[in-house]
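In this note's numbering, the protein residues as written are 3 to 443.
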């Protein structure tokens, strides 16, 4: 059962006297009472800033807004807020105004790879579909700080329809990532419509949703939402936990609902200085994720977006963290460390090098403990001949599903797994000849 502790009761009462547990756990109530100014933040947390600090924070808010859900606010350790990972991800830092010369509004050039508004088509078989620019919380490390909360970027229904039309008219697209903002900020009915339209496109095989709701507003994962989402399988859902403290009783309940409904769950973590740039922290994070049936998917190097220089770590820190995971925990608990290349180059895996050297017949390797070994290459490997005639290939390209069972003649009528009730010869071919033709006899 979802927790409603004394701290949350106190915050709820300060926000609105007489607030019941049912209000606190209503995601719409949470959004309605999001914290958007310093005075309310101080009142609810008992954290007091000096006049100088307030002035600097106000300048930051004028550029990058303050917006925290009461739930996520309740996770802040007010007694040590300057070292608190939740505080750093949620509350404005004057360092956000210190723009590094390498930082950009759109470092990944998503606009450049946008054939129609709301669609980014960078990879051959998949597209990013931005259906909302609104999030339940303004994360300080957001790579789309230029868009989130900006009324000039709210996608209308017509824009969404044009995105759907683009996907429909582009047969190479088999995978659609629904993102934003946060898609779960849409109403159940509207999101149902979007997913339904995409699901009806014949060449779309997989739909993914990227959301931070299980982290910052887990009450959004309602039974009604899950029931609606189940209509659109196969559906993959990626969350965005950055620190073990974010995995609370409420977030676990949200993850359980989605996992029990059959959705494969993944997690994308951003490496953030002062938040999770520690091998022990990251190890605990992946442990807790897999305990809750969430597979660590990506560990992102922090992007070159405006105002993120104080969050960025050297790439070597990420390598150190990956080295601390490979071999030290289960393989499926190790995320792929990537840099989303500036300039629109896409995600580039950055992993420790376990190949020391190689020759024409040997590869020299090292393991996570530093043990060095050799692997003997095959001496008589002959690659299958390829005539580049893929349409008529009889070698490797038999990729259709293999038939598990075929029956013929009287056997077909006797089979419980076949609904045929009568057999009639066609074009003079007997059942025996039919059997031989299908069995190459």
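Glycine included, every Cβ here is placed at the ideal spot set by N, Cα and C. This one's a predicted model, so the numbers in the text were calculated from it and none came from an experiment.
Problem set entry | Ordered list of alpha helix (DSSP H) runs contained in the region 14 to 63, each at least 4 residues | 23 to 26, 29 to 34, 40 to 47
Problem set entry | Residue closest to residue 358, alpha-carbon to alpha-carbon, out of 377, 348, 345 | Within the chain shown, residue 358 is the residue found at index 356, counting from 1. Out of 377, 348, 345, 377 has the C-alpha closest to the C-alpha of residue 358.
Exercise. Do the region 49 to 64 and the region 208 to 219 meet, that is, are 3 or more Cβ pairs less than 8 Å apart?
Worked result: no
Exercise. Taking the DSSP output, what are the residues bridged to residue 181?
Worked result: Counted from its first residue, the chain shown places residue 181 at position 179. Answer is 132, bridged to residue 181.
Exercise. What residues in its chain sit with their C-beta under 6 Å from that of residue 230, if we drop five residues either side in the sequence?
Worked result: Position 228 of the chain shown, counting from 1, holds the residue named residue 230. Closer than 6 Å at the Cβ level, and outside the excluded window around residue 230, lie 190, 194.
For this session: Give the single residue among 304, 394, 133, 83 whose Cα lies nearest to the Cα of residue 43.
Result: The count along the chain shown starts at 1 and reaches residue 43 at position 41. Closest option to residue 43, Cα to Cα, is 83.
Exercise. Skipping 5 residues on each side, what residues in its chain have a beta carbon closer than 8 Å to that of residue 75?
Worked result: Residue 75 sits at position 73 when you count from the first residue of the chain shown. Excluding residues within five positions, the ones whose Cβ falls inside 8 Å are 13, 37, 43, 46, 47, 92.
Exercise. Where residue 238 and residue 177 are concerned, what is the direct C-alpha to C-alpha distance, given to the nearest angstrom?
Worked result: Numbered from 1 along the chain shown, position 236 holds the residue referred to as residue 238. Numbered from 1 along the chain shown, position 175 holds the residue referred to as residue 177. Residue 238 and residue 177: Cα-Cα distance of roughly 10 Å.
For this session: Starting from the Cα of residue 370, find the closest Cα among 100, 203, 324 and give me that residue.
Result: Reading the chain shown from its first residue, position 368 is the one you call residue 370. Residue 324 is the option with its Cα nearest to residue 370.
For this session: With DSSP as the reference, please indicate the residues paired to residue 359 in a beta bridge.
Result: Along the chain shown, one-based indexing puts residue 359 at 357. Answer is 366, bridged to residue 359.
Problem set entry | Cβ-Cβ distance between residue 182 and residue 138 below 8 Å | Residue numbering aside, residue 182 sits at position 180 when the chain shown is read from its first letter. Residue numbering aside, residue 138 sits at position 136 when the chain shown is read from its first letter. No, the Cβ-Cβ distance between residue 182 and residue 138 is not below 8 Å.
Exercise. From this set, 95, 123, 204, 187, which residue's C-alpha is nearest residue 221's C-alpha?
Worked result: Within the chain shown, residue 221 is the residue found at index 219, counting from 1. Of 95, 123, 204, 187, the residue nearest in Cα terms is 187.
Exercise. Alpha carbon to alpha carbon, what distance is there between residue 234 and residue 162?
Worked result: Residue mapping note: residue 162 aligns to position 160 of the chain shown, counting from 1. Residue mapping note: residue 234 aligns to position 232 of the chain shown, counting from 1. Spanning the two alpha carbons is a distance of roughly 18 Å.
For this session: Could you pull the start and end residues of the beta strand (DSSP E) that residue 267 belongs to?
Result: As a working mapping, residue 267 is identified with position 265 in the chain shown. Looking at the DSSP string, the run of the beta strand (DSSP E) that includes residue 267 is 267 to 273.
Exercise. How many Å lie between residue 415 and residue 403 at the Cα?
Worked result: On the chain shown, position 413 is the one that residue 415 refers to. On the chain shown, position 401 is the one that residue 403 refers to. Each residue's alpha carbon lies about 24 Å from the other.
Exercise. Roughly how many angstroms lie between the CA atoms of residue 341 and residue 125, to the nearest whole one?
Worked result: One-based indexing of the chain shown puts residue 341 at position 339. One-based indexing of the chain shown puts residue 125 at position 123. Going from the Cα of residue 341 to the Cα of residue 125 covers about 15 Å.
Problem set entry | Presumed contact (8 Å Cβ cut-off) between residue 241 and residue 266, rounded CB distance | To locate residue 241, count along the chain shown from 1; it is residue 239. To locate residue 266, count along the chain shown from 1; it is residue 264. The Cβ separation is near 12 Å, so there is no contact.
Problem set entry | Close-in-space but distant-in-sequence residues of the same chain around residue 114 (CB under 7 Å, 5 per side omitted) | To locate residue 114, count along the chain shown from 1; it is residue 112. Cβ neighbours of residue 114 beyond the five flanking positions: 346.
Exercise. Residue 118: which of 164, 88, 81 sits nearest, CA to CA?
Worked result: In the chain shown, counting from the first residue as 1, residue 118 sits at position 116. Among 164, 88, 81, the Cα nearest to that of residue 118 is on 164.
Problem set entry | Cβ shell of residue 154 (< 7 Å), same chain only, five flanking positions each side left out | In the chain shown, counting from the first residue as 1, residue 154 sits at position 152. Only weak support is given to the placement of residue 154: the predicted model assigns it a pLDDT of 49, under 50, and the question is left unresolved by the model.
For this session: Indicate whether the contact test is met: 3 or more Cβ pairs, each with one atom in the region 273 to 285 and one in the region 301 to 320, closer than 8 Å.
Result: yes
Exercise. From what residue to what residue does the beta strand (DSSP E) around residue 124 run?
Worked result: In the chain shown, residue 124 corresponds to position 122, counting from 1. Its beta strand (DSSP E) spans residues 121 to 125.
Exercise. Who are the Cβ neighbours of residue 361 in its own chain at under 6 Å, not counting the five residues just before and after it?
Worked result: Looking up residue 361 in the chain shown gives position 359. Hits under 6 Å: none found.
Exercise. Residue 12 by DSSP, collapsed to three states: which one?
Worked result: Stepping through the chain shown from its first residue, residue 12 is reached at position 10. It is helical.
Exercise. CB of residue 135 to nearest heavy atom of the ligand FMN: below 7 Å?
Worked result: The ligand FMN is not among the ligands present in this structure, which contains no ligands whatsoever.
Exercise. So the beta strand (DSSP E) residue 237 belongs to, where does it begin and stop?
Worked result: Here residue 237 refers to the residue found at position 235 when the chain shown is read from its first residue. That run of the beta strand (DSSP E) goes 237 to 241.
Exercise. Which runs of the alpha helix (DSSP H), 4 residues or longer, sit entirely within the region 72 to 125?
Worked result: 72 to 75, 87 to 92
Problem set entry | Beta carbon of residue 179 nearer than 8 Å to that of residue 29 | Here the question's residue 179 lines up with position 177 in the chain shown. Here the question's residue 29 lines up with position 27 in the chain shown. In this structure, residue 29 does not lie closer than 8 Å to residue 179 by Cβ.
Exercise. How long is the line joining the alpha carbons of residue 306 and residue 278, rounded to whole angstroms?
Worked result: Here residue 306 refers to the residue found at position 304 of the chain shown. Here residue 278 refers to the residue found at position 276 of the chain shown. Distance between the alpha carbons of residue 306 and residue 278: 18 Å.
Problem set entry | Backbone CA spacing between residue 67 and residue 252 [nearest angstrom] | Position 65 of the chain shown, counted from the start, is the residue given in the question as residue 67. Position 250 of the chain shown, counted from the start, is the residue given in the question as residue 252. Approximately 26 Å between the Cα atoms of the pair.
Exercise. Among the residues of its own chain, which have a CB less than 6 Å from the CB of residue 105, if the five just before and after it don't count?
Worked result: For the purposes of this step, residue 105 is taken as residue 103 along the chain shown, with counting starting at 1. Around residue 105: 306, 308.
Exercise. By how many angstroms is the C-alpha of residue 198 removed from the C-alpha of residue 90?
Worked result: Mapped onto the chain shown, residue 90 falls at position 88. Mapped onto the chain shown, residue 198 falls at position 196. Each residue's alpha carbon lies about 38 Å from the other.
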